[in-house]
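Shown next, in structure tokens, is the structure this report addresses.
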Amino acid sequence: MVLVYHGYTGRLAALLSGIGVEPGDRVRVVKDGEVFEGVLMPRYTVRASEDILVIKLENGYNIGIKVDERTQVSLASKKSRLERVAEPEEAVESKAKIVLLSTGGTIASKIDYETGAVVPALSTREITEWAPDLTDIAVFEAREVMRVFSEDITPSDWERLANEVYREMKRGVNGAVIAHGTDMMSYSAAALAFAIRDKPVPIVFVGSQRSSDRPSSDSILNLKGAFITASRAPIAESLIAMHASTSDDLIAVHRGVKVRKMHTSRRDAFQSINDKPIFLVNPYTSEVKQVGKILKTRDPTRTPSLEARFDDKVALVKAYPGVQNEIIDMLVDKGFHGIVIEGSGLGHISNRLLDSIKRAVESGVPVVMTSQCLFGRVNLNVYSTGRRLLEAGVIPAEDMLPEVAYVKLSWVLASKTRDIAEVRKWMLTNLEGEINYRHTLDLYPRWLYE
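Residue 1 is where the sequence shown starts when you use full-length UniProt numbering, and the numbers rise one by one after that.
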């Protein structure tokens, strides 16, 4: 039987256990004349050889060191261990009951120090270990629903996740927190906004731009902000909680159908579009400050209903110079049930595609128009191209984000109707705040781009 010691195996596990070193203790490693000293970290890698030792250096970064027969590993000092005092039963009973569901992503990932890759290898139990003060906010259960990077999420995963959250709502939790990869998080947040109707409590998606082993990680503060929101905010909507700025000060809570990831790596990558964040949360004081409009308030007595079906035969097409009508024709011929176009400006696409779009609509395939400008709204009545698109039967999606229109159309087609006239009605009905009929000047925050 292979010896396993805090994630280490084989000879290295025997070495560490033999000298009495545990995660959190300081170790001294001498290899090829170089001396490394730092805190021993447990191993979280999915795939790794037995001889990689992981330590956290003084600068806050973790490194992996290959230990061979010439490498010397010794205990430098033991960490001081403080026992957590058990809370009185009445204090525990008064806390909100939260469920933490993990789907993968950076917030639920660790570094593979053999390959340098980020891998989805952190279990929800381990999330609890590296963020123990979450128990000061709420009583919670944590479990893994799936282990995927967000780019691998599919509509069937939305259905599975919605079923899990719905089940927890029926059990009476005060809120649900979903750890999710950031790249496609807004799609999933929109999906659950539509999939669970009459939500009694909030669903809060949370991720991190930087993994938990990095000094600049945003994972723990984002998670704390999500927990505070799920347990205390007076709202019952699908939300996203992420850093409000590049500093470790506030967490912005955005409506899940009005938010987009706007930067590849900044910690404040998520921004509300044509809307404001709903709350700013202080993760240190637990203050929840309302700065936007609440559409659906928290009501634990409300009975939720589940409508968690999504059509995976929906396509999102971007307008670009030279776009070919064969793209629309191919989607119709391949049996797709719906098409969302991310059009230019007010919602345009080349006149070359008009006949193909008209054919799609006549074939019962709804075509929905959004704008790649993001800010502002579609208006197909201004220019002749727009009016031709209206005549062809295109559905103008107001100020819906392209990805939200995609998710909503997928949900409408699977959960509501395939009748194209009824699809139009559902797409133009504001269900979860995905349409903002009134735009004020402060909804276009120029400072984001300065």
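Note that the Cβ used here is the ideal one computed from N, Cα and C, for glycine as well.
Quick caveat, the model's predicted, so the values are computed rather than measured.
In the DSSP assignment, find the unbroken alpha helix (DSSP H) run with residue i in it and report its ends.
i, result
"S17", "G10 to G18"
"S231", "S219 to R232"
"G386", "S384 to E391"
"A405", "P402 to S415"
"I41", "For the sequence presented, residue 41 should be read as Met rather than Ile. Careful: M41 lies outside any alpha helix (DSSP H) and carries neither H nor E."
"K358", "L354 to E362"
"V21", "Premise fails: V21 is in no alpha helix (DSSP H) and is neither H nor E."
"V165", "P155 to R171"
"F194", "M185 to A195"
For residue i, which residues of its own chain have a beta-carbon under 6 angstroms away from its beta-carbon, when the five flanking residues on both sides are left out?
i, result
"I19", "L75"
"R47", "Low confidence applies here, because R47 scores a pLDDT of 45, under 50, leaving its location unreliable; read the following figure in that light. So no residue of the chain qualifies."
"E434", "V257, M400 and V404"
"V323", "S350"
"M330", "none"
"E432", "A193 and V257"
"Y449", "Confidence at Y449 is low in this model, with a pLDDT of 49, below 50, so its placement is unreliable and the value that follows should be read with caution. Cβ within range, chain order: n/a, list empty."
How close, in whole Å, do the beta carbons of residue i and residue j come, if the pair is a contact with beta carbons under 8 angstroms?
i, j, result
"V423", "P366", "5 angstroms"
"G181", "G105", "3 angstroms"
"L40", "V27", "5 angstroms"
"R387", "N381", "6 angstroms"
"K261", "S186", "6 angstroms"
"I178", "I235", "Contact flag wrong, Cβ pair sits at about 16 angstroms."
"I107", "S219", "5 angstroms"
"H254", "S272", "5 angstroms"
"P200", "E237", "Incorrect: roughly 11 angstroms between the Cβ atoms, too far for contact."
Can you list, in chain order, the residues of its chain whose CB lies under 8 angstroms from that of residue i, leaving out five sequence neighbours each side?
i, result
"residue 468", "This structure cannot speak to residue 468, because the chain is shown only from 1 to 450."
"T370", "V340, I341, E342, G343, G347, V378, A397, M400, L401, P402 and A405"
"F336", "K313, V314, A315 and V365"
"K170", "P304"
"K95", "I137, A138, V139 and S231"
Which stretch, first to last residue, makes up the beta strand (DSSP E) that contains residue i?
i, result
"F279", "F279 to V281"
"residue 452", "What is shown of the chain runs 1 to 450, which leaves residue 452 out entirely."
"N62", "N62 to K66"
"F336", "Looking at the DSSP string, F336 is not in any beta strand (DSSP E), and its letter there is neither H nor E."
"K425", "Not the beta strand (DSSP E): K425 falls in the alpha helix (DSSP H), residues I420 to M427."
"K31", "R26 to K31"
"Q271", "F270 to S272"
"G175", "G175 to A179"
"R255", "I251 to R255"
"I349", "From DSSP, I349 is part of no beta strand (DSSP E); its letter is neither H nor E."
"T303", "No beta strand (DSSP E) contains T303, which DSSP labels as neither H nor E."
"T246", "First-last for T246: undefined, no H or E at that position."
"S102", "A96 to S102"
"F205", "I203 to V206"
"L53", "I52 to K56"
Among the residues of its own chain, which have a CB less than 7 angstroms from the CB of residue i, if the five just before and after it don't count?
i, result
"residue 491", "Because the chain in this structure spans residues 1 to 450, residue 491 falls outside the shown range and cannot be described."
"N274", "K258, F375, D399, N436, H439 and L443"
"Y8", "L16 and R43"
"A14", "L3"
"E83", "Confidence in E83 is poor, its pLDDT being 44 and thus under 50, which makes the residue's placement unreliable; the coordinate value appears in the next sentence. Excluding sequence neighbours, E83 sits near nothing in its chain."
If contact is defined by three or more beta carbon pairs under 8 angstroms, each pair taking one atom from either stretch, is the region 338-351 in contact with the region 402-414? yes
With contact counted as at least three CB pairs below 8 angstroms, one residue from each stretch, are the region 304-314 and the region 142-161 in contact? yes
Is the region 156-168 in contact with the region 263-280, if contact means three or more CB pairs nearer than 8 angstroms? no
At least three beta-carbon pairs within less than 8 angstroms, the region 223-232 to the region 276-287: yes
Cβ pair count under 8 angstroms reaching 3, the region 189-198 against the region 163-177: yes
The region 414-422 contacting the region 243-254, beta-carbon criterion three pairs below 8 angstroms: no
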